[in-house]
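Position one of the sequence shown corresponds to residue 15 (my numbering), numbered consecutively onward.
Just so you know, even glycine gets a beta-carbon here, dropped at the ideal spot from N, CA and C.
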Amino acid sequence: MPIFDQLRATAFSYAFELTLEKAAGWRVGRRRTEPARTAFRLRDIQAALARETGSATHAGLVEPLRSFLDDVTNGGIGSNGRPLIFAASGSAIDSAERRLTLIRPECWRYEFEGECTELHVPDAARRTALRLQDTFCVFESGRIFYVLTLTQPLDPVDSLNEYGVLQLQQLAIEPELRIDDAEYLGFEWEAETGRPPLSLLALAERRLQRLEAEAVEAPNGVASILRRHGLLRPQDRRRPLAPDALRSLCVAIEDERLLDTALRAERLFDGDRGQGSGTSLIDAEWEKAIAASSPGAQPPHRGTDDDFARSLLVFAGLAQGIPDFPYQDESEVHDSTRATYRSVESAMYVHPCFLMEVAKSWRTFNAKRPEIGTCPYLLLKWLVATHDELIVCDMEAQLDRMLYDADRIAARSEPMSDVAQVLDTAIHFFGSGNRIIERNLERRLTLFRWASIYRSGNLFRYPREREALAAVQQSMGTDARFQRTHETVDRIEALIEDVSNLKGSYGQARTNRILLALALLGVIGAAKDIGELISPVRWTSIAIGAGLAALLVLLTIGDRFARRR
15 MPIFDQLRAT AFSYAFELTL EKAAGWRVGR RRTEPARTAF RLRDIQAALA RETGSATHAG
75 LVEPLRSFLD DVTNGGIGSN GRPLIFAASG SAIDSAERRL TLIRPECWRY EFEGECTELH
135 VPDAARRTAL RLQDTFCVFE SGRIFYVLTL TQPLDPVDSL NEYGVLQLQQ LAIEPELRID
195 DAEYLGFEWE AETGRPPLSL LALAERRLQR LEAEAVEAPN GVASILRRHG LLRPQDRRRP
255 LAPDALRSLC VAIEDERLLD TALRAERLFD GDRGQGSGTS LIDAEWEKAI AASSPGAQPP
315 HRGTDDDFAR SLLVFAGLAQ GIPDFPYQDE SEVHDSTRAT YRSVESAMYV HPCFLMEVAK
375 SWRTFNAKRP EIGTCPYLLL KWLVATHDEL IVCDMEAQLD RMLYDADRIA ARSEPMSDVA
435 QVLDTAIHFF GSGNRIIERN LERRLTLFRW ASIYRSGNLF RYPREREALA AVQQSMGTDA
495 RFQRTHETVD RIEALIEDVS NLKGSYGQAR TNRILLALAL LGVIGAAKDI GELISPVRWT
555 SIAIGAGLAA LLVLLTIGDR FARRR
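Written out as structure tokens, the structure reads:
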């Protein structure tokens with residue numbers, strides 16, 4: 015039995031990254047080691063869009079977000095890492111393209127610590143009306159995201175409860191198991207009536223196909239912006255969405271009782287250990303409802319030792335996407351309910367797979383739900399944080415290749431074996447090792463030009479938004495990972511430079527010895543000329559043998575002397 019059964023203002027935004035198929039004539043890098051990538055000059059696109067002010071495209075797709083985001087950011091699109099975000103279409107919120115029904119199963123299962131638990135869904139909670147709002151987000155790095163937002167109507171007939179929220183969160187936490195399973199969560203879409211319920215992945219793919227085919231009301235984000243301004247070229251073919259295309263989820267909930275529970279959890283762990291402070295009217299009502307349930311009803315989803323009020327346990331589960339919330343101990347409840355960032359009227363929580371904000375009296379959330387489905391400020395913070403984390407992941411992957419790829423055998427490797435090989439052979443006469451050093455330089459250049467330079471800067475000009483984004487990125491570990499990767503690359507660069515300088519020193523010494531040998535040969539040659547005047551045959555043989563012996567001695571002794579140094 016749910017305790018928060020009247021959630022009537024929620025939004026779930028799923029970010030899918032769009033990738034392209036390798037087509038005929040696909041251009042590759044200069045050394046043909048990887049497909050060429052494309053960055054976008056968003057300032058140029060912003061200028062082009064500004065010239066379309068007053069058009070249907072600008073009014074229906076660009077303006078709903080631009081006016082809000084211009085107010086809180088430092089600079090326009092393309093400045094400080096600000097992406098281009100625009101609506102996918104201008105369809106009205108009540109059009110068939112927008113109307114959905116969430117279908118929950120009679121029961122669903124989750125596994126926790128090796129045990130499987132089955133939860134039953136009441137008939138009244140199995141169908142929930144939703145609205146589909148979607149946007150595109152384009153970053154200068156060349157990444158394009160399709161954001162599918164599921165939100166409730168402004169005047170909902172039915173509501174969600176905590177278990178429905180948890181199921182929607184599980185789509186992002188376990189996408190490989192849940193996102194393409196319509197029996198776990200299905201969606202009836204009025205734009206395609208007569209079809210069985212779609213999974214979330216199938217819904218997103220079908221919606222994208224309709225946008226690409228221009229089968230939706232104009233203006234259209236694909237045709238009017240992505241294609242028109244060269245972000246997608248005529249020869250580009252998008253790969254069908256797969257579970258790994260889902261990058262993150264953003265959950266927005268406006269509910270005063272939920273926020274009060276979050277604040278009460280903080281007070282509870284700040285020193286007030288009295289159980290009275292952890293119990294509210296809704297907890298008492300829930301206990302009363304459980305006691306009054308019929309004997310044949312499903313047993314309540316609760317632990318054997320409830321040390322905390324039900325509302326606190328539920329909120330801890332929502333903050334971290336944990337269906338097994340009744341069995342959390344004190345340390346788990348404490349950690350789960352610590353807000354990443356909290357303001358007067360909201361609290362924000364970060365999970366590796368999603369970001370959740372809970373608020374009351376959320377003006378911007380309600381103002382923009384009919385157009386984009388969620389709060390534009392939250393949308394921007396979340397997308398920038400998600401993009402920056404992916405950038406750091408790219409940097410770490412490139413660093414991994416620099417460290418291990420040269421000598422990788424399954425799971426075993428000798429770090430930087432290629433550089434070590436150059437060092438070991440630096441004194442040798444043959445083999446320059448330049449290709450190894452050049453390849454390492456290429457990887458460092460790739461890391462810089464396709465990842466490092468695209469991390470966001472001082473994006474927000476208002477302290478609240480700026481501090482919230484910083485707190486989210488710190489919680490995600492983005493700052494520490496970015497700094498660590500750059501420090502490691504700097505150390506590698508210093509090592510490569512030292513090895514290269516050492517090899518150059520050996521080469522210079524070797525050159526000097528060869529020049530000395532040539533000089534000696536010149537002296538011997540002069541002696542030979544003089545000797546030939548006396549005895550031509552005998553002096554010629556002596557001169558050749560002496561020259562070769564001198565050259566051999568100089569090279570051998572020189573190498574041994576260099577090693578001792």
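Burial state of His72 is buried, judged by a 10 Å Cβ sphere holding 16 or more other Cβ atoms. By alpha-carbon distance to Ile336, the top candidate from Tyr520, Leu83 and Phe126 is Phe126. Between the alpha carbons of Ala61 and Leu392 lies a gap of roughly 25 Å.
Contact check for Ser466 and Phe368: beta-carbon distance about 26 Å, past the 8 Å limit, so the pair fails to qualify. As the crow flies, the alpha-carbon of Leu260 is around 11 Å from that of Ser27. The alpha-carbon of Ala110 is positioned some 16 Å away from that of Ile386. Glu385 sits in coil when the DSSP states are folded into three classes, being neither helix nor strand.
Within its own chain, the residues whose Cβ lies closer than 7 Å to the Cβ of Phe54, once the five positions on either side in sequence are excluded, are Val152, Glu154, Gly156 and Leu245, listed in chain order. The beta carbon of Ala485 sits closer than 7 Å to the beta carbons of Thr354 and Tyr355 from its chain, once the five residues preceding and following it are set aside; these are given in chain order. By alpha-carbon distance to Leu174, the top candidate from Ala25, Leu240, Leu222 and Arg123 is Ala25.
Looking at the DSSP output, Val372 sits in a beta bridge with Ile267 and Ala361. The Cβ neighbour count for Asn234, taken over all protein chains shown within 10 Å, is at least 16; the residue is labelled buried. Between the stretch 165-183 and the stretch 106-122 there are three or more C-beta pairs closer than 8 Å, enough to call the two in contact.
Segment contact: the stretch 222-238 against the stretch 91-98, fewer than three CB-CB distances shorter than 8 Å; contact not assigned. For Leu146, the secondary structure class from DSSP, reduced to helix, strand or coil, is strand. Taken in chain order, the unbroken stretches of beta strand (DSSP E) that lie wholly in the stretch 169-217 and span 3 residues or more are 200-203. When secondary structure is reduced to three states using DSSP, Glu299 falls in the helix class. Judged by DSSP secondary structure, Thr115 falls outside any alpha helix (DSSP H) and instead within the beta strand (DSSP E) spanning Arg113 to Ile117. With fewer than 16 other Cβ atoms inside 10 Å of its own Cβ, Pro429 counts as exposed. From the listed residues Ser514, Ala323 and Leu327, the smallest Cα separation to Tyr177 is found for Leu327. Straight-line spacing of the CA atoms in Gly471 and Leu83 works out to 15 Å.
Note that the C-beta distance between Arg253 and Leu34 is below 8 Å. Annotated three-state conformation of Arg524 is helix, per DSSP. At the C-beta level, Arg495 and Val364 stay beyond 8 Å of one another. Checking the DSSP bridge columns, you'll see Asn448 has no partner listed.
According to the DSSP assignment, Val230 belongs to no alpha helix (DSSP H), since it is labelled neither H nor E. For a cut-off of 8 Å, the C-beta gap from Asp297 to Ser325 is around 5 Å, short enough to register as a contact.
Residues of the same chain with a CB within less than 6 Å of the CB of Leu162, apart from the 5 flanking positions on each side, are Tyr28, Asp148 and Ala218 in chain order.
Assignment of alpha helix (DSSP H) within the stretch 16-99, counting only whole runs of 4 or more residues, yields 56-64 and 77-86 in chain order. Sequence-distant Cβ neighbours of Leu146 in its own chain, meaning closer than 6 Å and more than five residues away, are Arg112 and Leu114. One alpha carbon belongs to Ala323, the other to Ala330, and they sit about 11 Å apart. With 16 or more neighbouring CB atoms inside 10 Å of its own CB, Leu273 falls in the buried class. With respect to the 8 Å criterion, Arg458 and Glu507 are classified as neighbours on the basis of their beta carbons. The closest CA to that of Met409, considering only Tyr160, Glu501 and Gln435, is found on Glu501. DSSP places Cys407 inside the alpha helix (DSSP H), whose first and last residues are Pro390 to Tyr418.
Excluding five sequence positions before and after Ala102, the CB atoms of its chain that fall closer than 7 Å to its own CB belong to Asp148, Thr149, Phe150, Leu225 and Gly235, given in chain order.
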